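First to last, the protein sequences are chains V and A.
Everything in the first sequence is counted per our numbering, starting at 1 for the first residue and increasing by one.
Everything in the second sequence is counted per our numbering, starting at 1 for the first residue and increasing by one.
Protein chains: 2
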Amino acid sequence: MAALADVSISTASKALNGSGRMSEETRERVKKVALEVGFRPNALARGLITKRSFTIGLLTNDTYGRFTLPVMAGISEELVGHGVSVFLCAIEDDPERARVHVDAMLDKSVDGIIASGKRLDRQLPVDLSGLPVPVVYAFTKGAADGVTLRSDDEQGARLAARCLIDAGCQRIVHVTGPKTFQSVRERADAYRTAIDGPPEVLHGIWAEAWGHEAVAQLWDRGGEKPDGIFCGNDQIARGVVDGLRERGVRVPEDVAVVGFDNWEIVAAQTRPPLTTVDMNLRTLGREAGRLILAMSEGREVQSGIRKLPCSLVVRQSCRGAEAPA
Amino acid sequence: MAALADVSISTASKALNGSGRMSEETRERVKKVALEVGFRPNALARGLITKRSFTIGLLTNDTYGRFTLPVMAGISEELVGHGVSVFLCAIEDDPERARVHVDAMLDKSVDGIIASGKRLDRQLPVDLSGLPVPVVYAFTKGAADGVTLRSDDEQGARLAARCLIDAGCQRIVHVTGPKTFQSVRERADAYRTAIDGPPEVLHGIWAEAWGHEAVAQLWDRGGEKPDGIFCGNDQIARGVVDGLRERGVRVPEDVAVVGFDNWEIVAAQTRPPLTTVDMNLRTLGREAGRLILAMSEGREVQSGIRKLPCSLVVRQSCRGAEAPA
DNA sequence: TGTCGATGAGAAAACCTTTTCTCTTAGACC
DNA sequence: GGTCTAAGAGAAAAGGTTTTCTCATCGACA
């Protein structure tokens, strides 16, 4: 203990924590010695008495990490500066496993839990209400009286529609995922009210193959072809773009395409690279970190659902106002 | 404390931990009460005295999570049953951040650290030797005298080559990433010795575009065309398959293609879906968890590099012996 | 000179376990 | 009947901090 070099153990503690009363000279001396010997207080002992472990848990059922990873990065980014570490617990929709992880976290006295997932309209397979620690739901359905953070899918869809409209599209179709997803319905609704012409929504699965299929449906039938396609996610968009290219339809000259998710690996590798809506999950993660920190420090945080804005990442599949009509 | 219901605090502890001497009847009674009241020992207090926190740290510079996520899943899977939780620390090749995270972990008395990354021939930007806790390197370059786990890329490449040969390919080309990657060189070497005909290795970048480009190079020049292509990763393979399809070359009938990584999102969405080499990173993660657990319990673990075998995931781009020559 | 207040610093309790040591009791053996 | 041993269970220390309380000293004021 650094106290050996100077003073009593209690004075040392107070000096380092900026509490207690002592001469400025003593305080500085202790700090200096502590720095020299590289003294680092034991977090376990500290946590035992202060009831704060500087540790939070992140629970997620998004095994693939597509959504959780950016959220995680944001949380960690926000919290590492405060000395808070993050337990990552991947549960695969397995209530048993979820329970084990939650218990393990509680045993370790986490200061809070962030629940995250891959769908905004599904709860994790474990009840997190009534826990002795604060909980923040980030990109997953939360308890009614909980603190929930989610993307503003309607605003995101408006962004996409606006981009297509600005690019001069007259006839915009929406090719998206299963109607059972709430976010699909929200985006579709926003799309319907945002465009001028008659809306057309095609529901399918979240896969490239569905993008192809949708293009086939649209082009093989008679009548007017769309000149703008808003896709429910980047995988579908990629399928659509590939399908169009294979038919000799130019993107974005003949048909402009906008995706959703900004999943780099898909969006950036598509030919041409996709213009797409980014849900800013990293920012959402930061916000979740900020909130859980506040709550763990006892500050009041208003419960309810907070929608965080999406932004548009313009690549080449739709260039907005740049591209002449 | 559960002792209230029965006996002294020390007897209770001994009863629950299976230590000490007492009548079987007492032991059972304590256990029963503990279960009833849902008693869970405080991990902080326990860690303070036993010097084991049942916590390990996972350090990675693979922000995108392509490699780390499966490794992480494996580690977690292996350890959760032992009550061990995992701190995930994402550092982006930032030595400063790495240092902060390592310090935070040490403060929290982690029982061990697993270092992971995205390249087998690069160290993390922080020196983990001489730490007061055991370290296991998983899918990243480790210290010379450390315990390192990696995939057996040569064996994986042999698997790929064997699949193409079995499919009847006579002229197999290897389209891969930059020569600066050690794994690229290892795979290329294994490819060279595995095939019968004269080898041809094309180096480029890790992108779909390079796959296209390579096909263009191969097909636009005169002379004999390959009938089998072994790609350095799935992205390149996807580019190759797309390039071939656009030229009217059938996969796998005219040219069989094998990828590397088994990155579901790419491999399964390719048309046709890719046959590819899986590095079994989840298994590697499990093994890392097993080792760090052993080491943290004081068991001796032999240092050195352990290569874990890859396996072949057969989809449709190369059907091995099934496809007639 | 005596009392009061402020200031600086240490003693000790508390946090919640585990673990070692000690004590009591009962049974066995001579 | 006395001594020894083993069994069963509790007392207490230890682990490394934080925090409250107490104590000593000194200057000021009456």
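C-beta atoms are modelled at their ideal positions from N, C-alpha and C, and glycine is treated no differently.
Model, not experiment: these values are computed from the prediction.
Helix, strand or coil at residue i according to DSSP, with G and I counted as helix
i, result
"Y191 (chain A)", "helix"
"D278 (chain A)", "strand"
"L128 (chain A)", "coil"
"S270 (chain A)", "Going by the sequence as given, residue 270 (chain A) is Thr instead of Ser. In the structure shown, T270 (chain A) sits in coil (DSSP, three-state: anything other than H, G, I, E or B)."
"T176 (chain A)", "strand"
"R185 (chain A)", "helix"
"V80 (chain A)", "helix"
"V301 (chain V)", "coil"
"V135 (chain A)", "strand"
"S317 (chain V)", "coil"
"R21 (chain A)", "coil"
"R122 (chain V)", "coil"
"R290 (chain V)", "helix"
"R250 (chain A)", "coil"
Chain V contact residues for residue i, given Cβ-Cβ distances below 9 angstroms
i, result
"S13 (chain A)", "Here the premise fails: no neighbours, minimum Cβ distance about 15 angstroms."
"I265 (chain A)", "Y64, R66, Q235, W263, I265, V266"
Rounded separation between residue i and residue j - CA only
i, j, result
"H212 (chain A)", "S311 (chain A)", "26 angstroms"
"S296 (chain V)", "R306 (chain A)", "43 angstroms"
"E92 (chain V)", "I229 (chain A)", "36 angstroms"
"A343 (chain A)", "E253 (chain V)", "No answer is possible for residue 343 (chain A): the residues shown for chain A start at 1 and end at 325."
"S129 (chain V)", "P41 (chain V)", "33 angstroms"
"S53 (chain V)", "A45 (chain V)", "9 angstroms"
"N280 (chain A)", "I205 (chain V)", "28 angstroms"
"V7 (chain V)", "V84 (chain V)", "29 angstroms"
"A207 (chain A)", "V266 (chain A)", "12 angstroms"
"F87 (chain A)", "K179 (chain A)", "34 angstroms"
"R290 (chain V)", "V71 (chain A)", "28 angstroms"
"S158 (chain A)", "C231 (chain A)", "First, the amino acid is wrong: residue 158 (chain A) is Arg here, not Ser. In a straight line, the C-alpha of R158 (chain A) is about 12 angstroms away from that of C231 (chain A)."
"V175 (chain A)", "V255 (chain V)", "33 angstroms"
Residue i: first and last residue of the uninterrupted beta strand (DSSP E) it sits in
i, result
"C231 (chain V)", "228-231"
"S116 (chain V)", "112-116"
"I305 (chain V)", "304-308"
"S311 (chain A)", "311-313"
"T55 (chain V)", "55-60"
"G259 (chain A)", "256-260"
"V201 (chain V)", "201-203"
Burial state of residue i (16 or more Cβ within 10 Å)
i, result
"V251 (chain A)", "buried"
"Q269 (chain V)", "buried"
"N17 (chain V)", "exposed"
"G197 (chain A)", "exposed"
"Q217 (chain A)", "exposed"
"K108 (chain V)", "buried"
"H82 (chain V)", "exposed"
"K51 (chain V)", "exposed"
"K141 (chain V)", "buried"
"P324 (chain A)", "Per-residue confidence for P324 (chain A) stands at a pLDDT of 42, beneath the threshold of 50, marking its modelled position as unreliable; the derived number appears in the next sentence. Per the 10 Å Cβ criterion, exposed."
"L274 (chain A)", "buried"
"V110 (chain V)", "buried"
"L35 (chain A)", "exposed"
"Q235 (chain V)", "buried"
8 angstroms Cβ cut-off: residues of chain A touching residue i
i, result
"E287 (chain V)", "Those within 8 angstroms of E287 (chain V) in chain A number zero; the least Cβ separation is about 18 angstroms."
"G65 (chain V)", "G65, L69"
Contact set between residue i and chain A, taken where Cβ atoms lie within less than 9 angstroms
i, result
"D111 (chain V)", "By Cβ distance, chain A contributes nothing, its closest Cβ being about 12 angstroms from D111 (chain V), past 9 angstroms."
"R40 (chain V)", "D103, L106, D107"
"V80 (chain V)", "C89, R97, V100, H101, A104"
"V86 (chain V)", "F87, L88, C89"
"S116 (chain V)", "Within 9 angstroms Cβ-Cβ: nothing; S116 (chain V) doesn't reach chain A, min ~13 angstroms."
"S76 (chain V)", "L88, C89, A90, H101"
Residue i CB to nearest heavy atom of the ligand FMN below 7 angstroms
i, result
"C310 (chain A)", "Judged by which ligands are present, the structure shown has none, so any question about the ligand FMN falls away."
N-terminal and C-terminal residue of the alpha helix (DSSP H) that residue i is part of
i, result
"H212 (chain A)", "208-220"
"A15 (chain A)", "9-17"
"A143 (chain A)", "Per DSSP, A143 (chain A) belongs to no alpha helix (DSSP H) and is neither H nor E."
"H101 (chain V)", "95-107"
"L88 (chain V)", "Unbroken run through L88 (chain V) is the beta strand (DSSP E), 85-90; no alpha helix (DSSP H)."
"V37 (chain A)", "24-37"
"G243 (chain V)", "234-246"
"D153 (chain A)", "153-166"
Partner residues on chain V for residue i, Cβ-Cβ distance less than 8 angstroms
i, result
"L333 (chain A)", "Because residue 333 (chain A) is not part of the residues shown, which for chain A are 1 to 325, the question remains open."
7 angstroms Cβ cut-off: residues of chain V touching residue i
i, result
"E208 (chain A)", "Q269"
Within chain A, partners of residue i - CB distance below 7 angstroms
i, result
"A45 (chain V)", "L48"
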